[in-house]
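Just below is one structure, and these are the notes that go with it.
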Amino acid sequence: MEDWKAGMLAKAKAGHDKDQLYVIIKVEPEYVYLADGKKRTLDRPKKKNRRHVQIIKRASGELQTKFENGSKIIDEEIKYILKAYQATMVSKEV
1 MEDWKAGMLA KAKAGHDKDQ LYVIIKVEPE YVYLADGKKR TLDRPKKKNR RHVQIIKRAS
61 GELQTKFENG SKIIDEEIKY ILKAYQATMV SKEV
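Its first residue numbered 1, the sequence shown is counted upward by one per residue in the UniProt record's numbering.
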C-alpha cells in the first residue's frame with residue numbers, strides 16, 4: 001500500500017487532465033485534492049479519485065514540512081516546485 005501525504009507530487013492518469021502534474025493538498029480515503037498553482041489553486045483544488053492519480057515518490061521536502069507544520073503555502077510555491085520538477089525531468093530525457 002502506498003503512503004499518500006500532502007506535499008507529494010502526483011500525476012493524473014485519467015480524465016481530461018491526463019499527464020498533468022499536481023501537488024497533493026489533502027488526502028481522504030477515496031479521494032485526493034490536487035493543486036497546480038495556476039488553474040487549480042489552493043482555493044479551488046481538484047478532487048480526484050485516488051485510482052486516477054499516480055504519486056511521484058519524489059516529494060518536495062520543504063512543502064511537506066509546511067503542510068505538517070500547518071504553515072501558510074502560496075500558489076507561487078506550488079508553481080515553482082512543479083516547474084523545477086519538470087525541468088529536471090526534461091534534462092534527464094536529453
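Each residue gets a CB set at the ideal place from its N, CA and C atoms; glycine is no exception.
| query | result |
| --- | --- |
| Cα-Cα separation, residue 31 to residue 52 | 9 Å |
| Backbone secondary structure at residue 21 - three-state DSSP | strand |
| Residue 44 versus 63, 91 and 23, residue with shortest Cα-Cα distance | 23 |
| Pick from 5, 92 and 82 that is closest to residue 41, judged by C-alpha positions | 82 |
| Nonlocal neighbours in the same chain, by C-beta distance under 8 Å from residue 16, ignoring five residues either side | none |
| Pairwise C-alpha distance: residue 62 and residue 20 | 21 Å |
| For residue 29 and residue 14, the rounded distance between their alpha carbons | 19 Å |
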